[in-house]
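Here is the structure we will look at, set down as structure tokens.
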Amino acid sequence: MSRSVNFLLVEDNAGDAFLVKDALENGAIPSTVAVVHDGAAALTRLGDKAQASPDLIILDLNLPKLDGRQVLDALKAHPDWCHIPVVMFSSSDAHNDIVECYRRGASCYVPKPMGLDRFRAVIRSVERFWLEVARLP
Ligand SMILES: [Mg+2]
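With this note's numbering as the guide, the letters of the sequence shown map in order to residues 65 to 201.
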């Protein structure tokens, strides 16, 4: 892609948010990462016409105000947002959580790995797949 990619990262854990943003912004493809810390803030940001629409959303599952499931429902029900790929990124590796997110229209589900090196490697893999292998809308 020739232009910079806009990510929206919805993550309430400040440490995880920093690591994801840092890994994406220092990756091979120019990108900007907007970070919001709860589900309600994600929908507010998406509804703000002054902000660029994200090309890809990275969504935590357990969040204050609206959780990841509720955010997914709102995204998939909205004509301007339903096409945006959503990568779930959660510390939960529970089968029920994974199935529920796919049912609600998640594009993929990535469990947060343990350990800094593995964490960065997984974010790199997500970036590679979505920006180099797949085509964004
Ligand atoms: Mg969380």
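Note that the Cβ used here is the ideal one computed from N, Cα and C, for glycine as well.
Which of the three DSSP states is assigned to I93 in this structure?
Here residue 93 is taken as the residue at index 29 of the sequence shown, counted from 1. Three-state DSSP puts I93 in coil, outside helix and strand.
Span of the alpha helix (DSSP H) around L139
Taking the sequence shown and counting its residues from 1, the one referred to as residue 139 is at position 75. Counting along the chain, the alpha helix (DSSP H) containing L139 begins and ends at 132-141.
The beta strand (DSSP E) spanning F71 covers which residue range?
Working through the sequence shown from its first residue, we reach residue 71 at position 7. Segment 69-74, the beta strand (DSSP E) holding F71.
Relative to the alpha-carbon of L110, which residue among L72, M178, S154 has its alpha-carbon at the smallest distance?
Taking the first residue of the sequence shown as position 1, residue 110 is located at position 46. Checked all of L72, M178, S154; the closest Cα to L110 is L72.
Under a three-way DSSP split, which group does L123 fall into?
Locating residue 123 in the sequence shown gives position 59, where the first residue counts as 1. The three-state reading of DSSP puts L123 in strand, counting E and B together.
Quick one: does the C-beta of D137 sit closer than 7 Å to a heavy atom of ligand 1?
Position 73 of the sequence shown, counting from 1, holds the residue named residue 137. No heavy atom of ligand 1 is found nearer than 7 Å to the CB of D137.
Taking the continuous beta strand (DSSP E) assigned at F153, which residues delimit it?
By 1-based counting over the sequence shown, the position of residue 153 is 89. First-last of the beta strand (DSSP E) with F153: 150-154.
Let me confirm a value: P135 is counted as buried when at least 16 other C-beta atoms fall within 10 Å, else exposed. Which label applies?
On the sequence shown, residue 135 is found 71 positions in, with the first residue counted as 1. Looking at the sequence shown, residue 135 is not Pro but Val. Residue environment: V135 is assigned as buried (16 or more neighbouring CB atoms within 10 Å of its CB, all protein chains considered).
How about L127 and G103: are their beta carbons less than 8 Å apart?
The residue you call residue 127 lines up with position 63 of the sequence shown. The residue you call residue 103 lines up with position 39 of the sequence shown. Contact: yes.
Reference N116, options E196, A98, L139, closest by Cα:
Position 52 of the sequence shown, counting from 1, holds the residue named residue 116. Per the sequence shown, residue 116 should be read as Ala rather than Asn. Ranked by how close their Cα comes to the Cα of A116, the residues E196, A98, L139 have A98 in first place.
Go ahead and label P68 buried or exposed: buried means 16 or more other beta carbons lie within 10 angstroms of its beta carbon, across all protein chains shown.
Locating residue 68 in the sequence shown gives position 4, where the first residue counts as 1. First, the amino acid is wrong: residue 68 is Ser here, not Pro. The residue is exposed, with fewer than 16 neighbouring Cβ atoms inside 10 Å.
According to the neighbour-count rule (16 or more other Cβ atoms, all chains shown, within 10 Å of its Cβ), is E89 buried or exposed?
Here residue 89 refers to the residue found at position 25 when the sequence shown is read from its first residue. E89 should be labelled exposed.
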